[in-house]
Structure formats: structure tokens, C-alpha cells
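One structure below.
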Amino acid sequence: MSKIQPRTLSGFMELLPARQAQFDRMVEILRETYSLYGFTPLDTPLIEASEVLLAKGGGETEKQIYRFMKGDTDLSLRFDLTVPLAKYVALNYSKLTFPFRRFQIGKVYRGERAQRGRFREFYQADIDVIGDGKLDISNEAEIPAIIYQAFTRLGLKRFQIRVNNRKILNGFYAMLGLTEKSGEIMRTVDKLDKIGAEKVKELLMEEEIGLTDEQAGEILTFIAITGSNEAVLSALEGYRGRNEIFDQGLDELNTVVKYLAAFGVPQTHFAVDLTIARGLDYYTGTVYETTMLDHPEIGSICSGGRYDNLAEYYTDKQLPGVGISIGLTRLFFVLEDQGYLNDALNTAPADVLILPMTDDLSPAIALATTLRQAGIRTQIHAEQKKFKQKISYADKLSIPYAVFLGEDEISSGVCAVKDLQSGEQVKLSPAEAVSHIQAGLDKLNQGKPILDKGE
2 MSKIQPRTLS GFMELLPARQ AQFDRMVEIL RETYSLYGFT PLDTPLIEAS EVLLAKGGGE
62 TEKQIYRFMK GDTDLSLRFD LTVPLAKYVA LNYSKLTFPF RRFQIGKVYR GERAQRGRFR
122 EFYQADIDVI GDGKLDISNE AEIPAIIYQA FTRLGLKRFQ IRVNNRKILN GFYAMLGLTE
182 KSGEIMRTVD KLDKIGAEKV KELLMEEEIG LTDEQAGEIL TFIAITGSNE AVLSALEGYR
242 GRNEIFDQGL DELNTVVKYL AAFGVPQTHF AVDLTIARGL DYYTGTVYET TMLDHPEIGS
302 ICSGGRYDNL AEYYTDKQLP GVGISIGLTR LFFVLEDQGY LNDALNTAPA DVLILPMTDD
362 LSPAIALATT LRQAGIRTQI HAEQKKFKQK ISYADKLSIP YAVFLGEDEI SSGVCAVKDL
422 QSGEQVKLSP AEAVSHIQAG LDKLNQGKPI LDKGE
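Counted the way the numbering used here counts, the sequence shown spans residues 2 to 456.
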């Protein structure tokens, strides 16, 4: 019989066990961090009715969506976690307590062209706070503060959260008489990091947007305001009083910067950056992008912002919110590609491998039960193989401890515990073995998934 060649589709990532363990540890840390701030976990279906997912209609999203018919039902795979959140909040509005704080870590699907570092199936790790009618500005500072905490706990050091406010941009464009073109201008300015200032200026002056050379020049001069956070905010004060929306955005940005410091985010890790616009039209206030300082070519590894009406396509309720999303699969790929993953991290599937030396497995099973009850991950190697092969099995999986149980150990009520890294071996009672192994694991499990040598 002919065999089918096994293969993985382009744009879909599969990891070997050790790398999967590292990825799962990153997810675990994100869950722990989000939970520290009082966010509740949420899961939504991978498949939704197409009319629900595409309520906003058309655009680039519809071209990338995985869409199919099942009988008479038009279905699609979710392409992000924000639209399902909007549906969920609208559907369960009367049952939820607001502000509703949720995190979701799950797979999404986009049928874009697969390329290095870009995937068709990928994990996103999102947090959002949804208000009922209104939402306090403090949430717009807390969201990036959580991201700072999450990345720090993962082991990243040299990263920066870049912050801006869309009201400042809209207000400035209004000063130039460009209110009707503000959306197109922002989408173009959002490409600055990728195509550079000169190309952005060309696009702004092309027929589609149609700015004059003077208008395009003023915009580029404005977004080029740089310096310390205090210096940028001070420069923006020079525009105060010329547009109400601008003034409101500047007040909000000042508050966010003040609260970010109160949340414990160092000045070195966040910056007011007027080039940050976010291309999506639904952002209405504070916006964020996060970059790795040593690898700006990678682009944003985490982005988001404030929106005023999350579920407008599903309900008349006013549901403002603020959120941020980590493209986790892409981030993991980038970290691996740039050598940031900590290969010393304990990725073993078990902490202990018990090697029974007798035909009767009862003592080994009883010891395994004792270790597991103490929270020690334990595996029994009962296969009929040579002793050397069993030790090789433990080495290949990086299992840190082996426990031997022979006739002498069983009759004496002890077990032989061997540290497979140091080679040290001691005979201990089951209770002593638990304490001994736990102490060793405490040291072994201190590492973080990311090894960032930057300061």
C-alpha cells in the first residue's frame, strides 16, 4: 500500500516537545500576569457565523478569512479575538459585571501569504477592559503597565512601549483643515517605520489623499517631535488652545504618562511617540505599540488602544474599552530566530524517572503516587530495556532525577535518588526523597523563558 507523505501546511507552526514546553511556559506566565490584575479568562468558538464575524463588512479582512459552507450555513474561522469579544459582550450584556475585564489566549486564522515570521494559524494573547457607557482613563495606563510586567516576567529587558493619542492627531489634522482626510492620513503615517518619511510624504501628496507639499511637510514636522516624555509633552503644549479635540487628547496623554509612572513602569520602557497612529479606524484615544530596542526591524510585538464602541454592530449599548494584543506565535518565532530563548529552562516532561529493578512494580507505583501527591511530576519506566537505554531515555528528555528501586532498597524502605546533572546519588526514605527532589527543583525552575542579555 502506498504511503501518504506527512506534511504540515505552509504558515502553520508545529513545535518539537522542548520548544513546546518553552511556548507553554510563556503562555503560563502571561495567564499568571493577567490574573494578577483581576482579569478573567475567556474562551470563544474558533468557528462563528460569517455574518457575525464580518458584521463590519468588506475590506482586507474578508480577503484573508477562512470561510466555508456547511450545508446551508455560512461559517468562518475567527481572524482575531476582538470581534468574538464584541459579540460575547453584546450577547451576554445583562449577565456581565462592568467594567468587564477579560483575557483570552487562543488561535486565530488569516489566509494571508505565508512568509518567514508570518503565520496563517497563530496564537494571540489579548487583554481588554470593557465599560458600560463610560470607562475611566486609568485603564488606558494600566493596560501597557500590565504588558510591561508580562514582558519583564518573561525575561525581556530591552523593549519599549510607545504611546500616543489619536485625539491629538485628529485635532492636529483639524488645525490644518484636514478633518475629512484624517483616517487616510493616519493609515499612511502608520507606515512610517516600514517605508520612511520621504515615501510617506509622497503618498500623502498623491491624488488619493491630495495634500499640498506644505501640509505634508507640517505633518512630518509634527510627528518628528522627539525627546524625553516631558520634552514631547511640553512641545505639544505649544499647540494647546487651537482645537478642543487636540486639547482633550493632550490631557489624556498627560494623565496616562503620569499613571504609567505610578504603576511602576520605568521611563526607559515607555515613550511618547507621535508616529504611533494604529491603522485601524476603531481606535479613538490612547494607542500603543511595543518594540524590541535591539531589533526595530521586527516591528511591533504588541499593540492596541482605546475604542469607544466595541459592539456597535451588535447592540445599541455604548461599550467603550481599551485593550492590547500580543502576537504570541510571531513573538516566539522572533525570539527563537534571534537566539533569545533560554535553552537552560527546564523543559523536561517529568521531574523524576523511576526505574524499577524488580518484576513486581507495586513499590514503584506506590512511590510514584507519593511523589505525584507532593506535586512532583513522575514517570515510571517499566519497559523491558537495558539499564543504559533507560538512562539514555532520561538524558534525551532532560529529566533531572532518576530513582532506582531494587530488592535492597525495597527491603530497607528507601530509594536511590540520582541527580542526573551532577551524578550525585543518595539513598533516602520516600518522605526524604520528596524534600530532596523539591529542593533541587526549586533551583532548577528559577529560569525565565527568555534570555535577554541586554541591560
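Ideal Cβ placement from N, Cα and C applies to all residues, glycine included.
Asked: The segment 260 to 270 contacting the segment 152 to 166, beta-carbon criterion three pairs below 8 Å; Found: yes
Asked: Short Cβ contact (7 Å threshold) for residue 470 with residue 355; Found: In the structure displayed, the chain extends from 2 to 456; residue 470 sits before or after that span and is not available.
Asked: Within 7 Å, strictly: CB atoms of residue 395 and residue 416; Found: no
Asked: Backbone CA spacing between residue 1 and residue 252 [nearest angstrom]; Found: A query on residue 1 cannot be resolved here, the shown segment of the chain reaching from 2 to 456 and no further.
Asked: Contact between the segment 253 to 263 and the segment 138 to 153 (3+ Cβ pairs under 8 Å); Found: yes
Asked: Burial state of residue 288, where buried means 16 or more other Cβ atoms lie within 10 Å; Found: buried
Asked: Sequence-distant residues of the same chain with beta carbon closer than 8 Å to residue 402, five excluded per side; Found: 352, 353, 354, 418, 419, 420, 421, 438 and 441
Asked: Per-residue burial, residue 453 [other beta carbons within 10 Å of its own, 16 or more giving buried]; Found: buried
Asked: Through-space distance from residue 338 to residue 393, alpha-carbon basis; Found: 29 Å
Asked: C-alpha distance - residue 245 paired with residue 95, whole-angstrom precision; Found: 35 Å
Asked: Residue 250 in three-state terms, based on DSSP; Found: helix
Asked: Residue 321 classed as buried or exposed, judged by whether at least 16 other C-beta atoms fall within 10 angstroms; Found: buried
Asked: Three-state class that DSSP yields for residue 11 in the structure shown; Found: coil
Asked: Boundaries of the alpha helix (DSSP H) in which residue 171 is found, first to last residue; Found: 167 to 176
Asked: Test item: CB-CB of residue 27 and residue 450 under 7 Å; Found: yes
Asked: Classification of residue 263 by the beta-carbon crowding that lies within 10 angstroms, buried from 16 upward; Found: exposed
Asked: Residue span of the beta strand (DSSP E) that contains residue 33, given as start and end; Found: Not the beta strand (DSSP E): residue 33 falls in the alpha helix (DSSP H), residues 18 to 37.
Asked: Bridge-paired residues (DSSP) for residue 304; Found: 290 and 326
Asked: Straight-line Cα distance separating residue 35 from residue 231; Found: 29 Å
Asked: Cβ-based burial, residue 153 [other Cβ within 10 Å; buried from 16]; Found: buried
Asked: Residues near residue 375 by beta carbon distance below 6 Å, same chain, minus five either side; Found: 435
Asked: Close-in-space but distant-in-sequence residues of the same chain around residue 195 (CB under 8 Å, 5 per side omitted); Found: 300
Asked: Residue(s) in a DSSP beta bridge with residue 428; Found: 417
Asked: Cβ shell of residue 76 (< 8 Å), same chain only, five flanking positions each side left out; Found: 48, 49, 50, 51, 68, 69 and 70
Asked: Test item: CB-CB of residue 105 and residue 43 under 7 Å; Found: yes
Asked: Three-way DSSP call (helix, strand, coil) for residue 126 in this model; Found: strand
Asked: Beta-carbon separation (whole angstroms), residue 319 vs residue 134, contact threshold 8 Å; Found: 5 Å
Asked: Neighbourhood of residue 180 by C-beta distance below 6 Å, restricted to the same chain and skipping five residues each side; Found: none
Asked: Between the CA atoms of residue 423 and residue 413 - distance to the nearest angstrom; Found: 25 Å
Asked: Residue span of the alpha helix (DSSP H) that contains residue 102, given as start and end; Found: Element bounds for residue 102: not the alpha helix (DSSP H) but the beta strand (DSSP E), 101 to 110.
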